[in-house]
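Q: Sequential numbering from 51 applies to the sequence shown in this note's numbering. Note that CB positions come from ideal geometry on N, CA and C, so glycine has one too.
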Amino acid sequence: MTDNFATTLKIADDWLAGVIHGEQDRIVAVDRGQVLRREQLLTRVRYWCACIQQHDSGSLWGLYNPDAFEFSAQLLALWLSGKTACLPGDNLPETRAALLERVSAVLGDWEGAVTDSANGQGVPSLSLPAADALVVEVYTSGSTGAPKAIGKKLRQLTAELQAHAQHWPYQPDEVVLSTVSHQHIYGLLFRILRPLAEGVPFERRLCHYLEDLYITSQCYGQSTLISSPSHLERLPQTPEWQMLGRRWQRVFSSAAPLSRQTSLRNQTFFGMPIVEIYGSSETGGIAWRIQRPEQEACWTPLAGVTLRSDQNQLLELRSPHLPDTGWYTQPDRIEWQGEGSGFLLLGRTDRIAKIEGKRLSLTAMEQALNSLGEVEKAHALVLSGRRDEVAVVLQLSRWGQQQRQALGQHELLRGLKAALARQFEAVVLPRRWRIVEVLPWNSQGKLTQQALQALFAHTATARPALPLTIQCDVTGNEACLQLQIPDELLYFDGHFDQAPILPGVVQVHWAQYFAKECFAEQFGTLGAFVGLERVKFQQLLRPSMALELLLQLEPDKGYLTFQYRTATVPFSSGRFRYVVE
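Here it is in structure tokens:
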């Protein structure tokens, strides 16, 4: 395994002209194996250019579209029409309301967006943006709670594309897969712009969950995975995933530092490097690292980035990814590790947290809670355990106390969560709540992290990863298990927080686990895993459900069939194939 994949590949300053005027039959995207060529992309670009120019109403347009292919067409159309694309991180109602105060019109998945009904026709006038044109505006959570708009010129994006390609060029025979959205700068660069500039295809569909990644990865021989700690920490260590992971040439991770344990475990198990990128929406990419078994890896500056630290150990940088050539102060403390050895990150100095790779202003969440009639005062913090999660300490208003007494605490908190869900993505919503008579101020009138975290100390217990086994009957090559799914199951984290469901990949893992437990004594090992067939997910599995798991082993044929069901409802089923030894 090497640290660097550097070759002589260069991304030209006029790479965008190559995207627009290059070979028409080049593959630019794939949809679970279905090919989408440059000619098809340009057809959509021309169409959206006509729509935009017919609707011409200003220079700043909102763009939110989860379809990576259509997003690319709309983004290019905005650029060729002389517009700036404003990319919010989500399309929640509060986000939409704030965006519409700033932009002239919107494209994509919005109410009131310019759509196909605009009947774009004719040949619109097109011109490539200049290097200093403002082409993208992204939002990030400000430390004061107010979202902050960050503009990016084309030359900034080009400089960053060139830096990444210099270190780790994409290979012609690979497909770029992603678990991170292109609505953020990291996903935009690595999932959309780099493939377009380097001439390799990207997968049209986002792999929101592990089962999406499992299904999509099977469609391609070789791929590069664009991911984040929230997904990489959950990668199953099973034979079928190991076979699949061997197809990943390398994995990129950003949005938050990846734990050393997770990085080393996945690199060893899947046999590929995990390249971590450190940066921010404001600065773009700053540095990179690959974890090593010998010692904690330091961060190495990206090509063209100059770093130093001030008297308070705050990171300062100069970079072509920034809007000017001056020194920029990043709110991260660092520690240099010697000449040419790189640096370690010591933590942030503001109140911005990274939760499952999503950037959250704790101040903004407190402001949202404090605006509700039930709340007198709220304080948000981050609890660190197996993964980071948001916790809230509440001091209720008199009205809030009355509501708590009338409705019960569960209903009160559910209402507060629903109010937050209109402004914040589900993944960053608080998972731990404490209601107190008064916040734990100290004698100096300060809220210390130690006092706040002490309120949650008793919740730091291990959470189950398996269902409760009520009964298990094994007869020959068949087994029937009575199971109950715990409310606090580990795998409900991040999988539809408002209405948790059991991921399909976990159901498959459980079937294999229990088959080994039930049949080991009579049949020994099942053999080497070959594939998964006939998988159907018919109904959703939720917390507290009681159900049956039926297993049937055909050792001579190398088949293991599973089915989750109740007396009246089939939930899921499938068949494993093994090498008969």
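Strictly by DSSP, which residues pair up with Thr525?
A: Per DSSP, Glu528.
Q: Suppose the cutoff is 8 Å on Cβ atoms and the five residues either side in sequence are ignored; what does the same chain contact list for Glu416 look like?
A: Taken in chain order, the residues that qualify are Gly195, Ala428, His429 and Ala430.
Q: Determine the direct distance from the alpha carbon of Trp338 to that of Glu346, and round the result to whole angstroms.
A: Glu346 and Trp338: Cα-Cα distance of roughly 13 Å.
Q: Could you give the distance in angstroms between the alpha-carbon of Leu479 and the alpha-carbon of Gln341?
A: The alpha-carbon atoms of Leu479 and Gln341 are separated by roughly 30 Å.
Q: From what residue to what residue does the alpha helix (DSSP H) around Asp262 run?
A: Where Asp262 is concerned, the enclosing alpha helix (DSSP H) stretches over Leu260 to Ser267.
Q: Work out the CA separation of Leu394 and Gln47 for me, nearest whole Å.
A: No answer is possible for residue 47: it lies beyond the span of the chain, which begins at 51 and ends at 631.
Q: Roughly how many whole angstroms lie between the Cα atoms of Ala504 and Pro490?
A: The straight-line gap from Cα to Cα measures roughly 10 Å.
Q: In this structure, how does DSSP classify Thr58 when only helix, strand and coil are distinguished?
A: Low confidence applies to Thr58: its pLDDT is 43, below 50, so where it sits in the model is not reliable enough to give any reading.
Q: Go ahead and label Ile242 buried or exposed: buried means 16 or more other beta carbons lie within 10 angstroms of its beta carbon, across all protein chains shown.
A: The residue is buried, with at least 16 neighbouring Cβ atoms inside 10 Å.
Q: Can you grab the Cα-Cα spacing for the pair Arg94 / Val164, in whole Å?
A: For Arg94 and Val164, the distance between alpha carbons rounds to 14 Å.
Q: Can you give me the start and stop residues for the alpha helix (DSSP H) that Val69 sits inside?
A: Element bounds for Val69: Trp65 to His71.
Q: Can you give me the C-alpha to C-alpha distance between His234 and Phe119, rounded to a whole angstrom?
A: When rounded, the distance between both Cα atoms is 16 Å.
Q: So what does DSSP say about Ser303, is it helix, strand or coil?
A: DSSP places Ser303 in strand when its eight states are reduced to three.
Q: Does DSSP classify Arg437 as helix, strand or coil?
A: Correct three-state label for Arg437: coil.
Q: Looking only at DSSP bridge pairs, what is Tyr114 linked to?
A: In the DSSP output, where bridge partners are listed per residue, Tyr114 has Gly158.
Q: Rounded to whole angstroms, what is the Cα-Cα separation between Gly495 and Glu385?
A: For Gly495, the predicted model reports a pLDDT of 49, less than 50, meaning its position is unreliable; a value from the coordinates is still stated below. Their backbone Cα atoms lie some 31 Å apart in a straight line.
Q: Leaving aside the five residues before and after Thr288 along the sequence, list all residues of the same chain whose C-beta is less than 7 Å from its C-beta, in chain order.
A: For Thr288, where only same-chain residues beyond five positions count, the Cβ hits under 7 Å are His559 and Gln562.
Q: Verify whether the separation of the beta carbon atoms of Ala183 and Leu211 is less than 7 Å.
A: Not a contact, by the Cβ cut-off of 7 Å.
Q: Counting C-beta neighbours from all protein chains within 10 Å, is the total for Arg300 16 or more, i.e. buried, or is it exposed?
A: By the neighbour-count rule (16 or more Cβ atoms within 10 Å), Arg300 is buried.
Q: First and last residue of the beta strand (DSSP E) that includes Leu207?
A: Per DSSP, Leu207 belongs to no beta strand (DSSP E); it is in the alpha helix (DSSP H), Leu204 to His217.
Q: Could you check whether Phe569 and Leu597 sit closer than 7 Å to each other, using their CB atoms as the reference points?
A: Not closer than 7 Å, so no.
Q: Pull up the CB-CB distance for Arg437 and Glu283, whole angstroms please, since I reckon it's below 8 Å.
A: The pair is a contact, with the Cβ atoms about 6 Å apart (cut-off 8 Å).
Q: Less than 7 Å between the C-beta atoms of Arg88 and Gln74, yes or no?
A: Yes, these two residues count as a Cβ contact at 7 Å.
Q: Closer than 7 Å, CB to CB, is Leu238 near chain D or not?
A: Checking the listed chains, one finds no chain D in this structure; it contains a single protein chain.
Q: From Gln272, Gly450 and Thr312, pick the residue whose C-alpha is nearest to that of Leu285; which is it?
A: Minimum Cα distance to Leu285 is reached at Thr312.
Q: Give the DSSP bridge partners of Asp81, in chain order.
A: Its beta-bridge partners are Gln84.
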